Structures are given as C-alpha cells and as structure tokens.
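Peer 1: My structure is below; once you've seen it, I'll send some questions.
Right, dumping it as structure tokens:
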C-alpha cells in the first residue's frame with residue numbers, strides 16, 4: 062500500500078517533463094518523465110482507494126438526483142441525496158443479491174460468485190454508481206452501454222462481453238428481449254428494470270413500483286429464458302442473503318469500456334482494478350473536501366467514470382443531471398457544482414456566445430470588450446482570474462449560467478484552442494484546464510499545470526508515466542523536427558489497458574511488447590516540454606497537390622465561428638481544396654439571414670432557416686466568417702474552406718452522423734452528403750477575395 066501524492070504538486074513551469082538520458086533510439090525521441098515527480102507506483106486497487114473516501118465521509122452526501130414528481134409530471138427543483146453510508150449499504154445489498162442469483166444457478170450453470178459481467182444500459186443516475194461499486198466489491202465486471210446505442214450495437218456489446226444480467230430502463234427492454242428471442246444473447250439470463258425517472262428518496266426507500274409496469278416484459282421474457290426483476294427485488298434478495306465483500310486483485314478485470322469508434326465494431330478495452338487504483342492515487346490536481354460534480358457526460362465513456370471516482374476518492378459528491386440535456390443549465394443552477402468536466406463542443410459554444418455579445422455594437426458590446434481585455438491582461442501578467450469590479454457588474458451573469466459556483470473546468474475528449482480556454486478563464490473566473498487521455502489509458506495521461514498561463518498545450522504527463530514520440534516520416538513528422546520534436550505519441554503507465562477483450566490482433570497492434578500504448582495522435586513537445594496535440598494520424602489528409610491537412614485540428618480552429626453549431630471539414634485526395642458541411646446555430650444565424658434577406662426570421666422558424674441555408678448571399682456571408690478565422694489564425698491557403706453547404710438538420714447519433722461521444726463520423730457523413738459534396742466540387746472553389754466561384 063502506498064501513500065497518496067501530496068495535493069497539488071508544484072510543476073516547474075519552465076520544463077514540465079525531462080528526457081531520460083540514454084533512452085533515445087533510432088526513429089524515436091528519448092523517453093520523457095514528469096519533472097514534478099518522475100517515479101511513482103502503487104499497488105492499490107480502486108476498491109481500496111475508494112474505501113478511504115467512504116470511511117472518512119460516511120455521513121456526507123455522495124450521490125444526488127432530482128426526484129421525478131408523478132403528479133406534476135416534472136422534476137422537483139431540488140436534489141435529494143444518498144450519503145456514503147447509504148451507498149455502501151445498497152452496493153453491498155445489490156452485490157449480495159447478484160451473488161445469490163449466481164449461486165442458485167439463475168445466471169447460468171457455469172457462473173460462479175465472481176468474474177462474470179453485469180451490464181448497465183441507463184442514463185446517468187445513482188443506480189449506475191451503486192451497481193458499478195457492487196461489481197467492484199465482489200470482483201465482477203461492469204459493461205456500460207451508451208443510451209443512444211441502436212439495437213445492433215447494444216446486442217454486439219452485450220454478447221461480446223458475455224453479459225449475464227442487465228440493468229436498464231423500460232425503453233431498452235423490448236430491443237433486448239427481441240435480440241434474446243432471436244438467439245443473439247444466449248448468456249443473458251436476467252434483466253433488472255429501473256424506473257425511467259427516479260422518484261423521491263422516500264418513494265425509493267419504500268420500494269414502490271407500479272405493479273403493471275413489468276407484466277408484459279415478464280410474459281415476453283419467459284419465452285426467452287430470461288427473468289425480469291425490479292431494483293427493490295434485487296435489494297431484498299441481497300439483504301436476506303448478505304455476503305462479505307470479495308475485493309478484486311490488482312490485475313482483476315473491473316470493467317469493459319467499449320470504444321465508440323467511427324468505423325467497425327467497437328473494441329472492448331479491459332479496465333483493471335489496478336488501473337483505477339493508480340489513477341485515484343496519482344490525481345494530485347483534485348483537492349479533498351466538499352467537492353460537487355455535475356454528472357452529465359455519458360457514464361459509458363471513461364472520461365465520465367474517471368471524474369466520478371476522483372470525486373468519490375476525495376469524499377465529494379456526484380449530482381446526476383435529470384437526463385435531458387436541454388435542461389442541463391437548469392440542473393446546474395439548482396446543484397451549483399464546483400467541478401464541471403466538459404468537452405470542446407460545449408465550451409466552444411459558450412465561448413462563441415460570449416464573443417458574439419462582445420462583437421455587438423453599442424455600449425454593452427464596448428463594455429464587455431473592455432472588461433475582457435482588462436481581465437486577459439491580468440491573466441497574462443500574473444495569472445489573476447478575478448476582478449473586483451468587472452466580475453460583479455458583468456461576468457456574474459456569465460458565471461450564473463453554470464450555477465455560479467464553478468471553480469474547476471477540465472476539458473477533455475478532443476483538443477480545444479488556447480484562446481477559448483483563456484476567454485473561459487477570465488469570464489468564469491475559475492481554473493480552466495485541458496487534459497488528455499484515451500479509453501486505453503483510463504482517460505488519464507496529461508493535464509495542464511494549475512498556474513500555467515501559457516496556453517496551447519495539454520500539459521505534462523502524470524507522475525510515474527513515460528512518454529516518447531515515434532517518427533512518422535511519411536506524414537512529415539520526426540523527433541528531429543525543429544523547433545520542436547514531433548511524432549506519434551506513445552505512453553506507458555499503470556493506467557494503460559492490458560489489451561482488448563477477445564481481440565489479440567488489435568491488442569498487439571496497439572500495445573508494444575515493452576508496454577507502450579500507440580495513441581494514434583501526432584504531438585509536438587514544445588519549449589516548456591509540454592505535449593501539444595497536432596492531429597490524429599488517421600485524420601491527416603493528403604490533397605491532390607501533395608499538401609497534408611490536419612482535419613481535426615482545422616475543425617477546432619473553425620469552431621470559433623459563432624454562426625455555426627456543427628461543422629464537418631471535408632477533403633479528397635483527388636481534389637486540391639477543402640469544403641465544409643455546416644449546421645447553423647439558430648440564435649446567431651437568424652439575425653444574419655434576416656439582415657441579408659430583408660425580412661425577420663425567428664430562430665425557431667425552421668422552415669425559414671432551411672430556406673436561408675440555400676441562399677447564395679447567405680452562404681457567402683457565412684463562408685466569409687470561416688475565411689476571417691483562417692486569416693486570423695494564419696492558416697495556409699490550402700487549409701481554407703473554399704466551398705460550403707448549409708443544412709438545418711443537425712448531425713446526430715440518431716441519423717448516424719455522430720458517435721455516442723458526439724464526434725463526427727466522417728465516412729458516414731461523406732456518404733450522407735455525397736450529392737452535396739459533389740455539387741460543391743462541380744461548382745469549383747470560391748475565390749477568397751471575391752467570395753465567388755473562380756471562372
């Protein structure tokens with residue numbers, strides 16, 4: 062058992078990582094380690110580290126939700142809470158109940174007390190935490206599914222992970238039973254149905270369930286060899302047959318986390334109890350104490366789970382959003398979280414709205430520009446984020462949007478621009494940092510230093526990790542590049558997966574024999590020995606005249622356009638220029654369209670907005686915003702968008718254009734918009750200076 066790292070290790074900002082002498086090999090950079098603490102290892106499991114948080118905070122609030130009122134058919138305007146003690150009681154009861162089913166042969170004759178899989182196909186809610194902790198306490202495996210998965214994806218994961226029992230809500234029961242009836246889920250033996258909306262704590266404790274809710278499901282399930290339970294039946298089974306915890310060993314499988322991917326079947330990354338132990342003990346940037354997290358990012362994603370265990374480890378509390386993303390700000394206003402994990406897609410939208418207000422004519426726009434400039438100057442001088450006058454008069458309203466109490470924002474999942482981070486820091490007056498990680502390393506690899514005001518990187522690796530760059534000469538990246546070495550990022554740590562479940566070929570392709578993980582990301586090591594993301598290896602596109610274009614990187618630059626809600630930058634190796642498919646942001650697009658068309662168009666008037674999307678003058682003005690962004694950021698001519706199609710239909714998981722983690726599926730989107738793409742190329746590239754197609 063090791064001692065935790067001290068809170069908030071000071072990072073030497075001048076050189077945040079150090080190369081290890083004698084480690085440079087042909088085709089690679091030297092190995093780098095953390096300058097703050099190069100060596101760190103732990104033998105703790107995540108079960109053991111979470112015990113510390115629980116034991117020190119038994120009576121503190123741990124898991125909260127907004128109860129559903131069946132009379133008003135709405136969520137209450139308050140959160141109700143389980144204490145750590147109550148979570149511990151329920152996880153032991155649920156774990157014991159599952160153990161009783163396994164012991165009695167009702168989950169299959171080949172199932173023992175441990176080392177089998179229980180699935181979760183639910184939105185963020187306390188039951189997710191309780192089941193996951195129960196599986197951990199009894200050395201069982203959790204597999205979680207995105208709420209947005211279609212029938213085929215869900216069936217594949219439940220089958221591949223050998224799930225024996227599934228916790229889910231009514232809306233997924235039919236799909237699951239249909240797959241079982243078709244013989245596609247032979248190992249699934251039980252389904253636990255949860256209320257679609259979690260009621261009050263009093264109702265939950267009383268075990269009140271609509272007696273008619275599960276009748277049809279039970280009848281259907283009989284013919285599939287599946288038993289149907291509700292949450293309270295599993296609890297009571299466990300309370301009547303309590304069993305002592307049988308904790309996992311360091312290398313025991315804790316869960317499977319399936320990468321959503323943009324092509325092919327998802328891969329099941331093996332997450333061990335030791336990986337979680339390393340992450341929770343080395344996460345020195347998380348402070349102890351009364352820390353409140355808003356849980357709204359999909360719990361099937363490793364990033365959301367990383368945030369939850371970090372908060373539980375420190376005795377904080379997790380408040381679950383109501384399940385409706387359009388009401389997230391309402392949830393935050395009630396909860397008043399001080400930690401807000403986010404992604405660039407959300408943060409860029411917040412920044413774009415602030416920028417749009419600052420660009421407005423008149424006194425309000427001028428005052429906001431002056432306030433931002435003053436706070437940016439303070440930030441750049443000494444890192445100061447607060448201002449006695451401007452925070453009270455101007456930025457208090459911006460801060461109130463996120464509940465008024467946010468102190469930490471961590472951006473992950475994809476790169477975000479430094480200017481956006483700086484704008485958010487000064488407007489929200491809080492610590493905003495960018496981190497980097499992947500499913501394959503528990504979402505845990507690098508983080509910006511707390512007091513680092515030089516933005517544009519994802520910081521340095523955590524204590525105990527190793528990093529090196531692999532040359533990618535075909536794409537023009539090598540560890541000998543000047544001014545900074547560049548190449549594919551390879552990392553090695555205790556948070557790296559041992560492999561993919563039942564996929565040796567992909568495991569060997571991804572993890573080297575000496576334990577380094579191929580991230581697939583091209584990075585540079587900057588002047589402060591920090592990691593700077595350049596792009597994904599697979600998203601680099603070669604245009605017809607030989608130029609390489611970093612599509613993902615460009616998408617981040619073009620994300621500054623306040624008129625746009627979504628954008629796909631498209632290129633073709635047989636073409637010499639880029640085009641874009643963009644979905645306008647109604648609140649900013651409507652005024653532009655109104656001005657050009659000479660009539661008022663409301664943001665909610667979908668038909669009028671759709672008509673405006675096909676107007677050449679509107680398209681030219683919209684494209685001009687992208688051109689200005691390209692010029693302001695010093696992009697090369699071949700990186701400009703020179704053709705544009707506007708559509709009012711958003712990219713979504715439902716229409717197959719987004720992954721469950723809201724990344725654009727470029728291949729599918731290119732097929733979906735094939736005719737529009739071809740029409741743009743037929744029209745020819747827009748002359749940047751005139752805004753018209755070249756003749």
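In the numbering used here, the protein residues as written are 62 to 756.
Even glycine gets a Cβ: it sits at the ideal position worked out from N, Cα and C.
A quick note: this is a predicted structure, and the numbers were derived from the prediction, not measured.
Beta carbon of residue 502, beta carbon of residue 540: below 8 Å?
Peer 2: Position 441 of the chain shown holds residue 502. Position 479 of the chain shown holds residue 540. Contact flag unset, no.
Peer 1: Where does residue 196 sit, in a helix, a strand or coil, going by DSSP?
Peer 2: One-based indexing of the chain shown puts residue 196 at position 135. If DSSP states are grouped into helix, strand and coil, residue 196 belongs with the helices.
Peer 1: Report the rounded CA-to-CA distance for residue 250 versus residue 573, giving the unit in angstroms.
Peer 2: By one-based count along the chain shown, residue 250 stands at place 189. By one-based count along the chain shown, residue 573 stands at place 512. So the alpha carbons of these two residues sit roughly 38 Å apart.
Peer 1: Could you give the DSSP three-state label for residue 655: helix, strand or coil?
Peer 2: To locate residue 655, count along the chain shown from 1; it is residue 594. Note: residue 655 maps to helix in three-state DSSP.
Peer 1: Could you please give me the residues that DSSP links to residue 95 through a beta bridge?
Peer 2: Residue mapping note: residue 95 aligns to position 34 of the chain shown, counting from 1. DSSP output for residue 95 lists 78 as bridge partner(s).
Peer 1: My understanding is that residue 664 touches residue 651, with C-beta atoms under 8 Å, so please give their C-beta distance in whole angstroms.
Peer 2: In the chain shown, residue 664 corresponds to position 603, counting from 1. In the chain shown, residue 651 corresponds to position 590, counting from 1. That belief holds up - the Cβ atoms of residue 664 and residue 651 are roughly 4 Å apart, short of 8 Å.
Peer 1: Which residue's Cα is closest to the Cα of residue 683: 641, 394, 302?
Peer 2: Counting from 1 along the chain shown, the entry for residue 683 is found at position 622. For residue 683, the nearest C-alpha among the options comes from 641.
Peer 1: Taking Cβ to Cβ, would you say residue 146 is nearer than 8 Å to residue 376?
Peer 2: On the chain shown, position 85 is the one that residue 146 refers to. On the chain shown, position 315 is the one that residue 376 refers to. Not in contact: residue 146 and residue 376 (Cβ atoms no closer than 8 Å).
Peer 1: Determine whether the beta carbon atoms of residue 481 and residue 412 lie at a separation below 8 Å.
Peer 2: Along the chain shown, one-based indexing puts residue 481 at 420. Along the chain shown, one-based indexing puts residue 412 at 351. The answer is yes: Cβ separation under 8 Å.
Peer 1: To the nearest angstrom, how far is the alpha carbon of residue 161 from that of residue 312?
Peer 2: Here residue 161 refers to the residue found at position 100 when the chain shown is read from its first residue. Here residue 312 refers to the residue found at position 251 when the chain shown is read from its first residue. One C-alpha to the other measures close to 25 Å.
Peer 1: Could you tell me whether the stretch 396 to 406 touches the stretch 419 to 428, using the rule of 3 or more Cβ pairs below 8 Å?
Peer 2: Under the 8 Å Cβ criterion, the stretch 396 to 406 does not count as touching the stretch 419 to 428, having fewer than three qualifying pairs.
Peer 1: Quick check: what's the CA-CA separation for residue 751 versus residue 733?
Peer 2: Taking the first residue of the chain shown as 1, we reach residue 751 at position 690. Taking the first residue of the chain shown as 1, we reach residue 733 at position 672. Reliability of the predicted coordinates at residue 751 is poor, the pLDDT of 42 falling under 50, and no value is obtained from them.
Peer 1: Does the stretch 172 to 181 come within contact of the stretch 126 to 141, defined as at least 3 CB pairs closer than 8 Å?
Peer 2: The stretch 172 to 181, when compared against the stretch 126 to 141, does not touch it at the 8 Å Cβ threshold.
Peer 1: Quick one: using the 10 Å Cβ neighbour count with 16 as the cut-off for buried, is residue 315 buried or exposed?
Peer 2: For this step, residue 315 is matched to residue 254 along the chain shown. By the neighbour-count rule (16 or more Cβ atoms within 10 Å), residue 315 is buried.
Peer 1: DSSP three-state label for residue 296, please.
Peer 2: To locate residue 296, count along the chain shown from 1; it is residue 235. Residue state, collapsed to three classes: helix.
Peer 1: Note down the Cα distance separating residue 712 from residue 359, rounded to an integer number of angstroms.
Peer 2: Locating residue 712 in the chain shown gives position 651, where the first residue counts as 1. Locating residue 359 in the chain shown gives position 298, where the first residue counts as 1. Roughly 18 Å separates the two Cα atoms.
Peer 1: Would you give the residue range spanned by the beta strand (DSSP E) that residue 202 belongs to?
Peer 2: By one-based count along the chain shown, residue 202 stands at place 141. Taken as a continuous stretch (DSSP letters only), the beta strand (DSSP E) holding residue 202 covers 202 to 205.
Peer 1: Judging by CA-CA distance, which residue of 653, 261, 174 is the nearest neighbour of residue 158?
Peer 2: On the chain shown, residue 158 is found 97 positions in, with the first residue counted as 1. Nearest of 653, 261, 174 to residue 158, Cα basis: 174.
Peer 1: What residues in its chain sit with their C-beta under 7 Å from that of residue 107, if we drop five residues either side in the sequence?
Peer 2: Taking the chain shown and counting its residues from 1, one reaches residue 107 at position 46. Closer than 7 Å at the Cβ level, and outside the excluded window around residue 107, lie 197, 315, 334, 337, 338, 341, 370.
Peer 1: Give me the residue from 368, 379, 239, 277 with the minimum Cα distance to residue 188.
Peer 2: Here the question's residue 188 lines up with position 127 in the chain shown. Nearest C-alpha to residue 188: 379.
Peer 1: By alpha-carbon positions, which one of 530, 677, 648, 687 ends up nearest to residue 415?
Peer 2: Within the chain shown, numbered from 1, the residue matching residue 415 stands at position 354. Checked all of 530, 677, 648, 687; the closest Cα to residue 415 is 648.
Peer 1: Enumerate, from N- to C-terminal direction, the unbroken beta strand (DSSP E) stretches of 3 or more residues contained entirely within the stretch 638 to 726.
Peer 2: 639 to 645, 702 to 707
Peer 1: In chain order, what residues of the same chain lie with their CB nearer than 7 Å to the CB of residue 258, ignoring the 5 residues before and after it?
Peer 2: If you number the chain shown from 1, residue 258 lands on position 197. Answer for residue 258: 129, listed in chain order.
Peer 1: Based on DSSP bridge pairs, tell me the residues matched to residue 630.
Peer 2: Translated into the one-based positions of the chain shown, residue 630 becomes position 569. Bridge partners of residue 630: 641.
Peer 1: Specify whether the stretch 596 to 611 and the stretch 688 to 700 touch according to this definition: at least 3 beta carbon pairs, one from each stretch, less than 8 Å apart.
Peer 2: Under the Cβ criterion (8 Å, minimum of three pairs), the stretch 596 to 611 counts as touching the stretch 688 to 700.
Peer 1: If you check the beta carbons only, do residue 381 and residue 232 fall under 8 Å apart?
Peer 2: The residue given as residue 381 occupies position 320 in the chain shown. The residue given as residue 232 occupies position 171 in the chain shown. The answer is no: Cβ separation not under 8 Å.
Peer 1: Exposed or buried, what is residue 386 when buried is set at 16 or more other beta-carbons lying within 10 Å of its beta-carbon?
Peer 2: Translated into positions along the chain shown, residue 386 becomes position 325. So residue 386 ends up on the exposed side.
Peer 1: Where residue 548 and residue 530 are concerned, what is the direct C-alpha to C-alpha distance, given to the nearest angstrom?
Peer 2: Here residue 548 is taken as the residue at index 487 of the chain shown, counted from 1. Here residue 530 is taken as the residue at index 469 of the chain shown, counted from 1. Each residue's Cα considered, the two are about 5 Å apart.
Peer 1: In angstroms, rounded to a whole number, what distance separates the CA positions of residue 307 and residue 74?
Peer 2: As a position in the chain shown, residue 307 is number 246, starting the count at 1. As a position in the chain shown, residue 74 is number 13, starting the count at 1. Whole-angstrom Cα-Cα distance: 44 Å.
Peer 1: Which runs of the alpha helix (DSSP H) at least 4 residues long sit entirely within the stretch 416 to 447? Give them in chain order.
Peer 2: 424 to 443
Peer 1: Can you tell me which of 438, 320, 520, 483 puts its alpha carbon nearest to the alpha carbon of residue 567?
Peer 2: Looking up residue 567 in the chain shown gives position 506. For the residues 438, 320, 520, 483, the minimum Cα distance to residue 567 belongs to 320.
Peer 1: Does DSSP put residue 509 in a helix, in a strand, or in coil?
Peer 2: Looking up residue 509 in the chain shown gives position 448. Reduced to three states, the DSSP call for residue 509 is coil.
Peer 1: According to DSSP, is residue 579 part of a helix, a strand, or is it coil?
Peer 2: For the purposes of this step, residue 579 is identified with residue 518 of the chain shown, where counting begins at 1. Residue 579: strand per DSSP, three-state reduction.
Peer 1: Bridge partners of residue 340, per DSSP?
Peer 2: Taking the chain shown and counting its residues from 1, one reaches residue 340 at position 279. DSSP, once it has assigned bridges, lists no residue as partnering residue 340.
Peer 1: Determine, using beta carbons only, whether residue 115 and residue 149 come nearer to each other than 8 Å.
Peer 2: Position 54 of the chain shown holds residue 115. Position 88 of the chain shown holds residue 149. In this structure, residue 149 lies closer than 8 Å to residue 115 by Cβ.
Peer 1: Under 8 Å by Cβ, that's how I've got residue 127 and residue 392 pegged, so tell me the actual separation to the nearest angstrom.
Peer 2: Indexing the chain shown from 1 puts residue 127 at position 66. Indexing the chain shown from 1 puts residue 392 at position 331. About 7 Å separates the two Cβ atoms, so the contact holds.
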